[in-house]
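In full-length UniProt numbering, the protein residues as written are 1 to 499.
See below for the structure under consideration.
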């Protein structure tokens with residue numbers, strides 16, 4: 001009621017006999033006055049609603065005066081007012097309020113405020129585009145936006161639209177932004193199940209009796225009866241019912257009794273269109289509380305028969321469940337990949353030639369220049385792998401032009417190696433090489449200089465770190481014994497100046 005009167009009081013100059021009209025409602029806000037909604041209160045409430053939405057407060061837009069757009073973003077809704085100055089006071093032209101999209105709920109307040117400005121300008125585009133106006137809000141949203149080094153595509157789109165308009169931003173304190181603030185916090189935007197509730201006599205007796213069987217609730221009641229000040233700040237006992245006091249609201253504490261908790265969960269889930277467990281818990285939290293509420297809401301929703309039958313599938317389809325054959329010996333099957341580092345160093349190196357043994361997971365990493373030709377790749381393969389481990393029976397690679405050309409095919413046929421290419425729709429067939437690429441990129445970031453030009457000098461160290469990693473080191477699987485990892489790493493670190 002105080003929030004409603006605060007909003008209407010902002011327009012009191014345009015409502016005739018405002019103080020007299022609101023007297024019954026003002027009386028309800030006094031501490032010594034019991035809450036009793038009588039006919040006079042209903043009449044005053046309807047009169048104020050009519051005045052706020054009709055000619056007493058609203059006015060037709062004047063094209064010769066600049067518009068003033070006042071915005072506010074709440075947790076679950078947005079509120080905007082379009083107004084024009086008339087003497088010392090603002091006259092409202094139109095109100096606009098909308099529910100905050102679910103994908104925006106977890107965003108920062110700055111993104112929500114930016115979204116509110118975007119929606120206001122597009123909603124009143126016919127009034128605002130092509131003329132100068134003012135935007136008032138209680139956050140420095142646009143100033144924050146210009147300090148962000150990276151913006152998402154959604155933010156970029158909103159900014160592009162906003163920059164089409166000619167306006168000046170004005171900061172106002174939240175306490176003076178009452179109308180837009182009230183519009184953004186309407187109760188129906190909060191997903192509230194009920195605004196007030198009454199329990200039947202038999203249902204009232206159930207929690208009172210169950211409190212004794214719940215050690216957690218019983219301890220709280222014992223402390224309240226002992227006049228414990230700390231407990232009295234958070235909890236209150238009214239007619240045998242325990243309430244949690246939070247943010248000005250009283251929430252009924254539900255004891256650990258399956259019947260009661262299932263009843264309230266059903267009211268907040270089954271009766272509200274079977275939303276997910278987070279919205280169910282949010283609805284429940286408006287009026288009720290118990291320690292394991294979120295966990296119980298999740299379990300209730302996961303076992304809801306209606307949801308199990310009717311909820312649409314949102315999970316991506318599973319991958320192909322056909323494993324590739326396991327090699328019988330070392331160096332029988334290899335994966336190859338040319339990983340682009342996107343950085344050309346002073347030696348002209350840009351690519352990492354990745355060779356991976358499928359059985360032992362042992363890998364060789366070789367730096368390659370941008371201008372490497374097919375003959376050079378074949379030479380590298382023979383020097384870096386065939387000379388040490390012999391000819392492979394199979395080579396799996398993607399459809400890079402350097403692996404699909406006739407020269408590479410002829411070299412493979414000459415040594416009796418079968419080439420197997422991944423298809424465009426089945427790239428997961430070379431998943432081991434893709435995974436190794438991610439590991440190499442991750443390790444390189446820890447050792448290269450900020451300008452990234454020395455990455456090729458660290459490839460030997462990166463290969464050693466990978467090949468000596470647990471569980472069974474690839475070098476152990478290849479040679480039958482562990483490699484001298486610590487000594488090799490120490491040498492590399494000393495040479496690079498990191499030790």
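The beta carbon of each residue, even a glycine, is placed where N, CA and C say it ideally should be.
Asked, Found
"Classify residue 167 as helix, strand or coil using the three-state DSSP reduction.", "strand"
"So, for residue 366: in the same chain, excluding its five sequence neighbours on each side, which residues have a beta-carbon less than 6 angstroms away from its beta-carbon?", "353, 380 and 384"
"Using a 10 Å radius around the Cβ and a threshold of 16 neighbouring Cβ atoms, would you call residue 1 buried or exposed?", "exposed"
"Can you tell me which of the three DSSP states residue 77 falls into?", "strand"
"Flag this pair as touching only if the region 84-104 and the region 37-49 have three or more C-beta atom pairs under 8 angstroms; answer yes or no.", "no"
"Going by DSSP in three states, residue 24 sits in which element: helix, strand or coil?", "helix"
"Classify residue 72 as buried or exposed, calling it buried when 16 or more other Cβ atoms lie within 10 Å of its own Cβ.", "buried"
"According to DSSP, residue 50 sits in a beta bridge with which residue or residues?", "DSSP lists no partner for residue 50."
"Using the C-alpha atoms, what's the distance from residue 282 back to residue 161?", "33 angstroms"
"Check whether chain D comes within 8 angstroms of residue 433, counting only Cβ atoms and requiring the distance to be less than that.", "Absent here is chain D; the protein component of the structure consists of one chain."
"Between the region 395-410 and the region 321-341, can you find at least three pairs of beta-carbon atoms closer than 8 angstroms?", "yes"
"For residue 388, which residues in the same chain have their Cβ closer than 8 angstroms to its Cβ, ignoring the five residues on either side in sequence?", "none"
"Going straight from the alpha carbon of residue 269 to that of residue 294, what length do you get?", "13 angstroms"
"What are the start and end residues of the beta strand (DSSP E) that includes residue 137?", "132-137"
"Tell me residue 89's beta-bridge partners as DSSP assigns them.", "86"
"Using a Cβ-Cβ cutoff of less than 8 angstroms, which residues in the same chain neighbour residue 439 once the five nearest sequence positions on both sides are dropped?", "466"
"Would you mind reading off the limits of the alpha helix (DSSP H) that contains residue 462?", "459-467"
"Could you work out which residue in 139, 45 and 153 is closest to residue 172 when comparing CA atoms only?", "139"
"Assign residue 399 to one of three DSSP states: helix, strand, or coil.", "coil"
"Inspect the beta-carbon positions of residue 359 and residue 330 and report whether they are closer than 8 angstroms.", "yes"
"Rounding to the nearest angstrom, what Cα-Cα distance links residue 32 and residue 237 in this structure?", "20 angstroms"
"Suppose the cutoff is 6 angstroms on Cβ atoms and the five residues either side in sequence are ignored; what does the same chain contact list for residue 210 look like?", "255 and 257"
"Rounded to a whole number of angstroms, what is the C-alpha to C-alpha distance between residue 364 and residue 436?", "11 angstroms"
"Going straight from the alpha carbon of residue 248 to that of residue 221, what length do you get?", "20 angstroms"
"Give me the Cα-Cα distance between residue 512 and residue 126, rounded to the nearest whole angstrom.", "Only positions 1 to 499 of the chain appear in the structure, and residue 512 is not among them; the question remains open."
"Just list the residues that DSSP pairs residue 455 with in beta bridges.", "Bridge partners of residue 455: none, in fact."
"For the pair the region 63-80 and the region 26-41, tell me if three or more CB-CB distances fall below 8 angstroms.", "no"
"Quick check on the DSSP output: the alpha helix (DSSP H) that includes residue 216 runs from which residue to which?", "215-225"
"What is the rounded straight-line gap between the Cα of residue 453 and the Cα of residue 277?", "50 angstroms"
"Looking at the unbroken alpha helix (DSSP H) that takes in residue 268, where does it start and where does it end?", "258-269"
"When you compare only the Cα positions, how much space is there between residue 370 and residue 152?", "32 angstroms"
"How would you call residue 197, buried or exposed, if buried means at least 16 neighbouring beta carbons within 10 angstroms?", "Any reading at residue 197 must be qualified, since the residue scores a pLDDT of 46, below 50, and its modelled position is unreliable; no value is offered."
"Spatial neighbours of residue 45 within its chain, please: CB distance less than 7 angstroms, with the 5 preceding and 5 following residues excluded, ordered by chain position.", "25"
"Alpha carbon to alpha carbon, how far is residue 235 from residue 200? Give it in angstroms, no decimals.", "Note that residue 200 has pLDDT 48, beneath the 50 cutoff, so the model's placement of it is unreliable and the number below is only indicative. If I take the Cα positions, the gap works out to 22 angstroms."
"Given this structure, state the Cα-to-Cα distance separating residue 460 from residue 443, to the nearest angstrom.", "12 angstroms"
"Would you decide whether residue 166 is buried or exposed? Buried here means 16 or more other CB atoms lie within 10 Å of its CB.", "exposed"
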